Amino acid sequence: MNRPVSTLWLVLCLLATAIANTAADPSVPMPALSGGESMPVDRLEVKTADGRTVPFAELIGPDGRAVCFAFLHPACPMAQDYAPVLVELAARFAGDGISIVGVVCEADDPAEVEAYRTEFGVTFPIFFDTEFTLAEALDATITPEAVLVDRDRRINYTGRIDDRYKIRGVMTPGDAEPELANAIRDLLAGGEVREPRTEAAGCPLDRPERPAASAVVAPAAPTFCKDILPFIHAQCQKCYSPGQAGPFSLLSYDDAVEWVDIGLEEIQARRMPPASRREIPPTRHRSRRCRTTRHFRRVSAPPTSCSSSLSRRISAPTATTSTATSCFR
15 MNRPVSTLWL
25 VLCLLATAIA
35 NTAADPSVPM
45 PALSGGESMP
55 VDRLEVKTAD
65 GRTVPFAELI
75 GPDGRAVCFA
85 FLHPACPMAQ
95 DYAPVLVELA
105 ARFAGDGISI
115 VGVVCEADDP
125 AEVEAYRTEF
135 GVTFPIFFDT
145 EFTLAEALDA
155 TITPEAVLVD
165 RDRRINYTGR
175 IDDRYKIRGV
185 MTPGDAEPEL
195 ANAIRDLLAG
205 GEVREPRTEA
215 AGCPLDRPER
225 PAASAVVAPA
235 APTFCKDILP
245 FIHAQCQKCY
255 SPGQAGPFSL
265 LSYDDAVEWV
275 DIGLEEIQAR
285 RMPPASRREI
295 PPTRHRSRRC
305 RTTRHFRRVS
315 APPTSCSSSL
325 SRRISAPTAT
335 TSTATSCFR
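If you want the working numbering, it's the position in the sequence shown, counting the first as 1, plus 14.
Here it is, written out as structure tokens:
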């Protein structure tokens, strides 16, 4: 297949820009923490030291707004360090219907947990999840890690308590950003949480490996209609539609399949984006989008449940030099 070099460069710009910008553009749907749906009520249970099951309704109470599950380990230094922070948050937001609930997965001995509570002045309740049912449902992987679940059992936030440690053992310079407190305030205000996911740092949670068939949620194979088409529409058609700056139209399934391999190769090799975008560091969102796109390429099949071309085409000015420049700015 012979293509002019300029065409190849432009399409690589397109792919790089689409992937890099997806996380920043709220109009492009990113994978939701819980698909926007309520978590199954039986996955949000914990147990007391004597084995009694405590349901979510009991944890949140009749007038509660949300439960913050704080995954902890009594011997984890960072879980020890953050105990006073969680105690302060529990006291600050208790009157607003927010319950801080400690969850321990890897300590079977109640005496060990009680010693942790005593030594670090923990006043909020701590329960057990030794079968990792809750940890798997909420995809908790670190201690300490916080997951904020509202009264409709939807995940609003998951990740760090604050950003003092973005990397385990390495303190962030300056004042800490209170990310969990920010998320709680956003929830109480009735708006969207400004940063719904951060990457916790601490002690890895040694969740057992499960056969794929028994996984809590088996990831669905990405599809053109659901995973690829939305960001092509939102990020690409400005330049790659009839009459626009791009030398061809990127509207169809066939267009996407034709260019995906070389685009991913160039992006992963950091030869792309072009110079004007090299300052953008790699992000988890970009890596996730690359993985999704690569998986789509492996399992791709012509779409059957949606049109292979986008019906929501944009109307943009006739292509000019300034229009072309704006496409890759």
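Ideal placement from N, C-alpha and C gives every residue a C-beta, glycine not left out.
Computed from a predicted structure; not experimentally measured.
Please report how far the alpha carbon of Ile140 lies from the alpha carbon of Thr237, in whole angstroms.
41 Å
Identify whether Gly188 lies in helix, strand or coil by the three-state DSSP scheme.
coil
Suppose contacts are defined by Cβ-Cβ distances below 8 Å. Is Ile175 in contact with Leu194 by that definition?
yes
Under the three-state DSSP convention, the category Cys82 falls into:
strand
Residue from Pro187, Pro54, Ala108 and Tyr179 with nearest C-alpha to Pro158
Tyr179
Which two residues bound the contiguous alpha helix (DSSP H) that contains Phe107?
Ala97 to Phe107
Between the Cα of Glu213 and those of Gly173, Arg79, Arg199 and Arg57, spot the shortest distance and give me the residue it belongs to.
Gly173
Return helix, strand or coil for Thr62, following the three-state DSSP convention.
coil
Any idea if Val118 is buried or exposed, counting beta-carbon neighbours within 10 angstroms, 16 or more meaning buried?
buried
Given this structure, state the Cα-to-Cα distance separating Val12 from Ala105, to the nearest angstrom.
In this structure the chain extends from 15 to 343, so residue 12 is not present and cannot be described.
When we look at the beta-carbon of Asp143 and count the other beta-carbons within 10 Å, is it buried (16 or more) or exposed?
buried
Please name the residue, chosen from Ala190, Val136 and Val207, that lies closest to Ala93 on a Cα-to-Cα basis.
Val136
Determine the burial state of Gly188: buried for a count of at least 16 other Cβ atoms within 10 Å of its Cβ, exposed for fewer.
exposed
Where do the ends of the beta strand (DSSP E) carrying Phe142 lie?
Ile140 to Phe142
Within 8 Å, strictly: CB atoms of Ile114 and Ala154
no
8 Å Cβ shell around Lys61 - same chain, five flanking residues per side excluded
Thr67, Val68, Phe141, Phe142, Asp143 and Thr144
Which residue spans inside the region 148–230 form an unbroken beta strand (DSSP E) run of at least 3?
159–164, 169–173 and 179–181
Would you call the CB atoms of Asp56 and Glu120 closer than 8 Å?
no
Determine the direct distance from the alpha carbon of Leu202 to that of Lys252, and round the result to whole angstroms.
37 Å
Contact set for Arg79: own chain, Cβ-Cβ below 8 Å, skip 5 residues either direction
Asp110, Gly111, Ile112, Asp164, Arg165, Leu201 and Leu202
Residue nearest to Glu126 in terms of C-alpha spacing, selected from Glu206, Ala63, Pro222 and Gln258:
Ala63
Work out the CA separation of Pro98 and Cys82 for me, nearest whole Å.
15 Å
CB Tyr130 to CB Pro76, shorter than 8 Å?
no
Could you tell me whether the Cβ atoms of Asp177 and Ala160 are closer together than 8 Å?
no
Short of 8 Å in beta carbon distance, which residues of its chain neighbour Ile156, apart from the five on each side in sequence? Order them along the chain.
Phe85, Ala214, Ala215, Gly216, Cys217, Pro218 and Leu219
Taking all protein chains shown into account, do 16 or more other C-beta atoms lie within 10 angstroms of the C-beta of Val184, making it buried, or fewer, making it exposed?
exposed
Could you check the C-alpha separation between Pro54 and Cys239 for me, to the nearest Å?
27 Å
Could you tell me whether the Cβ atoms of Arg167 and Phe70 are closer together than 8 Å?
yes
For the alpha helix (DSSP H) containing Ile74, list its first residue and its last residue.
Phe70 to Ile74
Does Thr132 come out as helix, strand or coil in the three-state DSSP assignment?
helix
Alpha-carbon to alpha-carbon, Phe146 and Asp123:
16 Å
For Gly205, count neighbouring C-beta atoms within 10 Å of its own C-beta (all shown protein chains included) and say buried if the count is 16 or more, exposed if not.
exposed
Host beta strand (DSSP E) of Ile114 (start-end):
Ile112 to Val118
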